[in-house]
Structures are given as structure tokens and as C-alpha cells.
Amino acid sequence: MTDSTESPDLTRRDGLKRLREGTYGGLFAACAAITLLTTAAIFVTLLSDAVVFFRSISILEFLTGTNWSPNPAGGGQAFGIIPLLIGTLVVTATAALISIPVGTLTAIYLSEYATPNARSILKPLLEILAGIPTVVYGYFALVYVTPALKATLFPEMSTFNALSASIMVGIMTIPMVSSISEDAMSAVPDELRQAGYGLGATKFEVSTGIVVPASISGIASSYILAVSRAIGETMIVVVAMGAQARMPEVQQALFGIPFVNPADVLLESGMTITVAMVQITGGDLTGGTLPYNSMFALGLALFAVTLVMNILSDIIAQRYREEY
Amino acid sequence: MATDNANAGGFGEVSRVRGIVFEYLSFGASVFGLVALGVLLVYVAIDAFDLANASPEWLLTYFLTLVVPFLAFCLYSASDRDVTRRALGALGGGLVAVAALFTAVEAFVAPIPRLNWQLAYLFVVAAPVSAYLAYVGSGGRVGAVGFGLLGRLVGGVAIGLAVGTLFLVFDPLLWFLAYTLGVLPAVGLYAVGRRRSTPRAQTAAVPVALAGLIAAVVLRDVVATYPSDLIIYLWTVAVPVAAAGGLLVAGRSGRTVAALVAGLPLAAAAAGGFLAAGVGLPGPTVLLVLVLTGVPTAVYVSRVADAGEGLAGLGLPLLLGAGAIAGALIVEAWGVPAPDPWLDGSFLTAAPSRTPVEAGLYPAIVGSVIIIALVAVLSFALGVGTSVFLEEYTPESGALGTLTRILQVNVANLAAVPSVVYGLLGLGLFANLLGLGIGTAVTAALTLSLLILPITIISAQEAIRSVPDDLRRGSDAMGATRWQTTKNVVLPEAMPGILTGTILALGRAIGETAPLIMIGAATTVFRAPDSLFSRFSAMPMQIYTWAGFPQADFRYGVVAAGVITLLLILVGMNGTAILLRNRAERGS
């Protein structure tokens, strides 16, 4: 407010006001800087302890070792990431087998078939799937899904197994696939659909032959995001899959072709990268020990994989997007 | 479509089978996850409330005394003949259909474990119909009033309990001094300055508040005698809340009503607090709950009375309360065996235990409330600051524009970092490097704040972006500085959206477990934490611990009760967020 003099001096410099403007601007900039600092802190924290770890265990040994036992009772620690990678791969792939087809079909239904009313009900309901705490999903898998599967399909299933955990991870990641894919499909202009109908295509042909190919970049990036989420998922796997780092038994089939029995992997306990990290927290957490440092090496691997996948999904969504 | 003209020897004939099959397949896919989750939730609810052991007579009694009056209230409020017909049809038809289907499946396929047709009817038919009717009924005046009152009662109790919990950690004596010396004078000065429109007085409020706070910290150990906790809460919480309620009403309804609205709940709460303390109950908590429930309720009732519409809705809490009492009396008189729910009062107020019957969630609830309160403050401040900087303070192009883009990409990437990695950050940085302690509430709050910060920023940015540019330009044209425009125009307009996003993000934080494990949060604590630096447990942490116990009573009873508690809190938070958003959308 300026003083009520006859001709207010509009160019007057008000020191207090300028100070206030500058203070608030600086405060907001500092808030924004915290996000950059967080990223830097994640890098530095992970790297500094991981480097200590790689001084004792070579990177090659870490990446190619087939035995993971950071806190053995007798001695003979081993830090090989291969069994953990296999566990992570099994969970991620099985979860993707559920989330990708179901999520894609959901997106097609929401974008092409559903009435506006049905869509306005279904979309927020689907978001609930992603909002349930993951420890609750893990509990469901352990206490309800495993006994149900055991009673009906797989009597030889063990209490902690990869299958029920993967099913729950899959259900949890459905909305990730469906919401991003649906956004991409809704962005396909109506002219393309009308053109398809004009050529005599049915609704099915328009949906699968025009809309899906036209939005394929968005769909693909949603797949990558869902898979990346599944890789980093911790609690479902910790609660329901148990904690046994195992190499699957390779059997010889006809003509000596090696194969792995899927039941041996899916119906048994296993360990993912995230489970291995959680398991180590049972020990000493003040730092300095080899298992403590190995946690950060695993974290670095996890961080790198998910970061690459997110960037990849970004690039796919940006570069291969059809501009209409 | 092309099928209409199907006469030219096969030309134009299209099989629709494939399309129809695909449509139903995709519909099935979109409800697949929901149905799976729904079944699991039904089972966990049955376990938590021990409904599998509820006799049909017990269910029938409560159905008649609680559910039927509630449905009748909603139907009365909706006063739509079509809705009534449809609802009664669904309830009646559903009864026959579920009973028949269930009996058939049990007889010919396989027995369904721990579920009978009465329960199935309750979950599959009665619950969705009730939800639908509550939705329709809340559209009518009577229903809106009824649900509004119910929401204020429940919300008041929840907030009262949460505030009481916070005082377990934050020193009430320090708060008493800070309030008396800092907050009260500053607010008074600001109000006077506003009333007389003297900006100097308003500006002076900030140094006064600071000086008061510093004085409070200095005097904390110098002053020897303090009033009792009850009087401190009465003076620092109850009186200002009542005064705020009175001021809200005073402008519209006059002084007498305002005095009533402020005075009645205050007197009731004070009386309740002292009585409870006399009987041996926690007096301060009773006081907080009563005043935080009473004042909003009184304000609401006076507003409804002014509007003079839908007064009948005020009876809804009475209707439900009377129904519950009547149900209990009938069950008692009839001698019907009642279920023994795991989720009951003692579960919420007892400490964890090795024996399932005695196990409780109280220390974990306290831990969660404290962490969430800290996370809310931190992530809200940082989130709003960052999003204001990104949306209002940086240009789109030039060197600063590049910085904005980098920040934007960085935030998007942070949102996708697995939560367990944030746990490592908390362990390495906050717990060990900065020495805040392994498994302390402060470490957990900082870690979780960073975890949900990207989500908060992204939603706050969306809210700020949706403020129309005309408003900003209008403010600029009046000669406002950038900060004045932000403070007076942008933030008030965007606030509902920002709050909605923050509450949703807090919902994510309250269920996170992996980061808590990584920073070494206790798997079980037997006493509620009493400072920010004491070891704590949180609700999801406790659920994780219990889920690992092999006894069936833990797996199917205690954990189920914990899961339901956690989910109910989440539903409450998300419901509040959605209400906020809907109200903002209606307003604009």
C-alpha cells in the first residue's frame, strides 16, 4: 500500500519489501534445491558404502557369484548376486504375466468400450489397488492366497513361495499399466477411429488394429514402469516369499537340453534383491561390517536398474510418440 | 454398422462373436483385480471381527437395528421412487439369489471355507447397496446434513485422539509457555493490525512470535511450578478452538448464538475432562476429544439451524446410536451367542504381547501418528515451496528454464526410486552420518518425507498450474509483487488441490514398511514412544512382525485386526481428500 500523498512515487524503493521478496524467492529455491540434494545424497550414500564393499569383494565376484550368504552361522560369507537376480526375475516376470495382459485389456475397455459413467466409477476404484499398503498385500498372499492355491491347484506348494507373492505384485501393478496406457489410448484422435469405421472395420478391429498400434509408445512405457515397480517391490516378497537364496536345479531333458522345472522355482521359497537387503537389517546397522556395506551395493544395483528403466520408458514415450 | 446391409452374397457380413467376446473379456480384466481384492478384504474383515462365529440370529438382530434404519434414512433423504424401488429390488432379489447360489455351490461343488450365505449376502448385496444409497442419500438435504454431522463427530474424535497422542512426545510445558508468550500475543497483534488495517502491527507479529518462542525455551527450566496438564490443554487448545468456533458463527448469527456455540462445548469438555480425571481415565485426552468434536458440531448445528433445511438429518447419529444400543440389548436378552472380535477397544489400547488375546496395537498407533504428523509438516512445506518455485518463480526458457527442466526430470525420477532405496538413504545419511539414531521417530519422519516429496510436488504443481492465468495477471496489474500474487491469489486458489495431493501422499507414507525396516525401526515396542529420539514402531511394522508369527490366532486374528485398522485409517484419510477435492470443484 502506498501512502496517500497527492502523487505517489511509483519508483520508490522499499528496502523492507525488496528484502521480503528476496527472502521468499530464496526460500522457495532452497526447497527446490532439496530435491536435487536428495538425488545427490542417494548417489553418494549408495556409492560410498558400495565402494568400500567392492574393495573386499571384487565386482566380478559380486556379479557372477552363485551363492548368497552374508551372515552364515559357520563362516564362509559369500556375496554372489546371481541367485538374487534369478529370484527378482522370477517374481517380475510372473507379475508381468498378470499385470500386462490384464492392465492392457483394462485400458482398452476403459478407453474404447466403457460408458463415461462406468469409467468414472472404475478408474478411481482401480487406483485403490495401487493405494493398498504393500505389507497388506504380502499378508494376503501368505495367509489367504497360498493356502487357497495349496488346497486347490498345487498341494506340494511350500508356505513361503514365489507364486503367491508374484500374483499379488501383479495385481498391485495393474493400475500402473492401465492408467498410463489408457491415457495414451484416449489421446488417439477420434478421426482415426472414424476413418476405421468408414472402411468398414468393427469396433474390435478399430480397438486392436488402430487404437493400440497408434498408442503403442505409451503402452510400452507403461509396461516398463510397471516392471520397474515390480523389481523394487519389497514388502509383498519379504512377507510371502520367504528368504532362501537358491539357485534353481538345472535338469537334463531329452538330448541333454538343460531346463529348469518352473514348479521348482515358483512353488518354492526364494530371495529377491530387496529381500536380501531387508534380511541384512536383522544384524548390525551401525555400519562398518561387510554385510552392511553389501546392502548398499545391492541398493546401488537396484537403483541403477530402476533408473535405467525409468529413463528408457521416458525416452520411448517421448521419441516414439506419434504426434497428431 | 456394416452388418445392416447383409444381402450381397457374403459381402458386408461380419461376425460379431469375436467383438462381443473381446468386450466381455476386457470388462472381465478390468474388474479382475477389484474382485480379487474385494474377496480378500471380505475374508480379512471376517477374521478381524470374528464374523465366522456370528450366529444368524446375531446378524439378523443388528441388520434390523442398524442397517435397516440407515437404509431407510438414506431412502427418505433421496426421496426418489425409482431409487427406492431399485434398492428394495436389489435387497430382496439378492437375498433369494445369494441364498440359492450359495446352497447350490456348497451342495454340488465344494464347501466354501468360513463363509455362510448370510455373511455373503451382507458383503455382496447389503454393503454395496448401502454404499450406493449413502451416495444417493447424501445428495439430498437431509442426508447431506446427517452425513456432515456424522463426519464432524468421527473426524473430531480422530483429531482429538491424534492431538492427545502428539502431546506424548512434545513437551506440554514448553508448549504452554510458547503458546502463552509467543503464539497468543502474535495472533492478537496480527488480528488488531488487520482490524485497524495497520500493516506495521501485522509485520510486528512475526518478531513478537519469535521472541515469545525464544523466551519459552529459555524459561522452560527456570519456571518451577506449572498448572496441571488438564489446565494447560484447556487454556492452550480448548479455549482457542472454542473461540475460533464462536468467531466463525458470530458474523452470521449474532453474539448470543456465538457465545452458546463456544461456551456449551467448552463447558461440557471441561466438565468431562475433570470428571474423567476424577474417575481415573486420561482426563486431557477426554477433554481434547470432547472439545474437538463439540465445537465443530456446534458450529455445524448452528449453521444448519440458520439455513433451516434438512433439520431431520441431525437425527442420524442418534438413529445409529439408538440402533447399536437396541441391538446390544436384544442380543443380551435373547441370549444369542455373539462373536468375539479381535478388533476391539482393548486391541487399540493394549501393548503387543506374545499371547494373541492380549496383543494390542497402541504403541504402534502412537508411533504412526507421530511420524505422520512430522511428515505432514515437512513434506507440505517442502512440497509447496518447490512447486511454487517451479511454477511461479522460474521462466520457461533460457538458462533458468533449463534448470527448471532438470528439476522437473529429477522429481519425476525420484518418484520412481524404490522405497527400499530411500530406506538406505535414511540409514546411511540420517541415522549414521548425521547421528539421529537408528530406528528413531525423527529418522523415520525425515526418510518418509523425502519418499513422498516427489508425489507431493507433482500434485501441488498440478494444482498451481490449474489456477487461471487471468487471476495472476489481474493481481500483477494491481501492482502486486510476485510474492504478493503467490500469497494472495495463487496459493488460496490452489490450496484444496494441494491439500488433496498431500493427504493422498500421506496415505502412501502411513503404509510404507520397507524404509522403516531399513532404518532399523523396532519390530515390536511395548511402550509408546515418549520423545522424538526414542525407538518406535509403526502400524505396518507391527503387522509385518505379527505376520511372521506361526500361531493361527496371530495370522488369522491379530494381524487381520491390524490390517483392518490400517485400512480404515487410510479410507478415512483418502475420503477426506476426496471430499476436499469435490468441494473445491463444486465451489469453482
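Quick note, the sequences are listed as chains H and G, same order.
Counting in numbering that gives the first Met the number 0, the first sequence runs from 0 upward without gaps.
Counting in numbering that gives the first Met the number 0, the second sequence runs from 0 upward without gaps.
All residues carry an ideal CB built from backbone N, CA and C; glycine is no exception.
**Prompt:** In its own chain, which residues sit with a C-beta less than 8 Å from the C-beta of arginine 199 of chain G, not counting the 5 before and 5 after it?
**Reply:** Gly192
**Asked** At a CB-CB cut-off below 8 Å, which residues of chain H make contact with valine 410 of chain G?
**Response** Thr34
**Prompt:** Which of the three DSSP states, helix, strand or coil, is assigned to methionine 0 of chain G?
**Reply:** Because methionine 0 of chain G sits at a pLDDT of 44, beneath the cut-off of 50, its placement in the model cannot be relied upon, and the point is left open.
**Request:** Note down, in chain order, each residue of its chain lying with its Cβ closer than 8 Å to the Cβ of isoleucine 41 of chain H, except the 5 sequence neighbours on either side.
**Result:** Phe302
**Item:** phenylalanine 525 of chain G, buried or exposed, once every other Cβ within 10 Å from all chains shown has been counted against 16
**Value:** exposed
**Prompt:** serine 68 of chain H by DSSP, collapsed to three states: which one?
**Reply:** strand
**Asked** Ordered along the chain, which non-local residues of its own chain (more than five positions away) have a Cβ less than 6 Å from that of leucine 265 of chain H?
**Response** Ala161 and Leu162
**Request:** Write down the C-beta distance between glycine 145 of chain G and leucine 315 of chain G rounded to the nearest angstrom, noting that I regard them as a contact closer than 8 Å.
**Result:** 3 Å
**Request:** Starting from leucine 424 of chain G, find everything on chain H with Cβ-Cβ shorter than 9 Å and list it in chain order.
**Result:** Thr37, Ala40, Ile41, Thr44, Leu45 and Gly298
**Request:** Check whether the Cβ of serine 185 of chain H lies closer than 8 Å to any Cβ atom in chain G.
**Result:** no
**Contacts that leucine 109 of chain H makes with chain G (C-beta to C-beta distance below 8 Å)** = Ser29
**Request:** Report the option in G:Gln541, G:Arg580, G:Ser227 and G:Ser530 whose CA atom is closest to the CA atom of aspartate 170 of chain G.
**Result:** G:Ser530
**Alpha-carbon to alpha-carbon, isoleucine 369 of chain G and proline 351 of chain G** = 18 Å
**Message:** Closer than 8 Å between beta carbons: that is the criterion. Which residues of the region 163 to 195 of chain H meet it against chain G?
**Reply:** Ile170, Ile173, Pro174 and Ser177
**Prompt:** Span of the alpha helix (DSSP H) holding glutamine 250 of chain H?
**Reply:** Premise fails: glutamine 250 of chain H lies in the beta strand (DSSP E), 249 to 251, not in any alpha helix (DSSP H).
**Prompt:** Over what stretch of residues does the alpha helix (DSSP H) that includes valine 238 of chain H continue unbroken?
**Reply:** 234 to 240
**Prompt:** Under three-state DSSP, which class holds arginine 113 of chain G?
**Reply:** coil
**Asked** Of the choices G:Ile456, G:Val248 and G:Ser533, whose alpha-carbon is the least far from that of alanine 430 of chain G?
**Response** G:Ser533
**Prompt:** For the alpha helix (DSSP H) that proline 495 of chain G lies in, which residues bound it at each end?
**Reply:** 490 to 510
**Asked** Quick one: Cα of threonine 2 of chain G to Cα of leucine 125 of chain H, how far?
**Response** Residue placement at threonine 2 of chain G is poorly supported in this model, since its pLDDT is 47, which falls under 50; the coordinates still yield a value, given next. Cα to Cα, the separation comes out at about 35 Å.
**Prompt:** Excluding the five sequence neighbours on either side, which residues of its own chain have a C-beta within less than 8 Å of the C-beta of phenylalanine 175 of chain G, listed in chain order?
**Reply:** Tyr225, Pro226, Ile231, Trp234 and Thr235
**Message:** DSSP three-state label for phenylalanine 548 of chain G, please.
**Reply:** coil
**Item:** Chain-ordered neighbours of aspartate 48 of chain H on chain G, where CB pairs are closer than 9 Å
**Value:** Leu423 and Gly427
**Asked** Between which two residues does the beta strand (DSSP E) containing valine 259 of chain H stretch?
**Response** 257 to 259
**Prompt:** Would the beta-carbon of valine 238 of chain H fall within 8 Å of that of alanine 140 of chain H?
**Reply:** yes
**arginine 534 of chain G in three-state terms, based on DSSP** = strand
**Message:** Please list, in chain order, the chain H residues whose beta carbon lies closer than 9 Å to that of arginine 554 of chain G.
**Reply:** Tyr138, Leu141 and Val142
**Asked** For serine 378 of chain G, which residues from the same chain have a beta carbon less than 6 Å from its beta carbon, with the 5 sequence-adjacent residues on both sides left out?
**Response** Ser448, Ile451, Leu452 and Thr455
**Prompt:** Just how far apart, CA to CA, sit tryptophan 482 of chain G and glutamate 584 of chain G?
**Reply:** 26 Å
**Asked** Looking at the C-beta of phenylalanine 21 of chain G, does it have a partner C-beta in chain H at a distance below 8 Å?
**Response** yes
**Item:** Those residues which DSSP pairs with phenylalanine 78 of chain H across a bridge
**Value:** H:Trp67
**Message:** So within the region 124 to 199 of chain G, which uninterrupted alpha helix (DSSP H) runs reach at least 4 residues, ignoring any that extend past its ends?
**Reply:** 126 to 136, 140 to 168, 171 to 177 and 183 to 194
**Message:** Within 8 Å of any Cβ in chain H, is that where the Cβ of threonine 439 of chain G sits?
**Reply:** no
**Asked** Helix, strand or coil for threonine 439 of chain G per DSSP?
**Response** strand
**Whole-Å CB distance - leucine 45 of chain H paired with leucine 299 of chain H, under 8 Å assumed** = 4 Å
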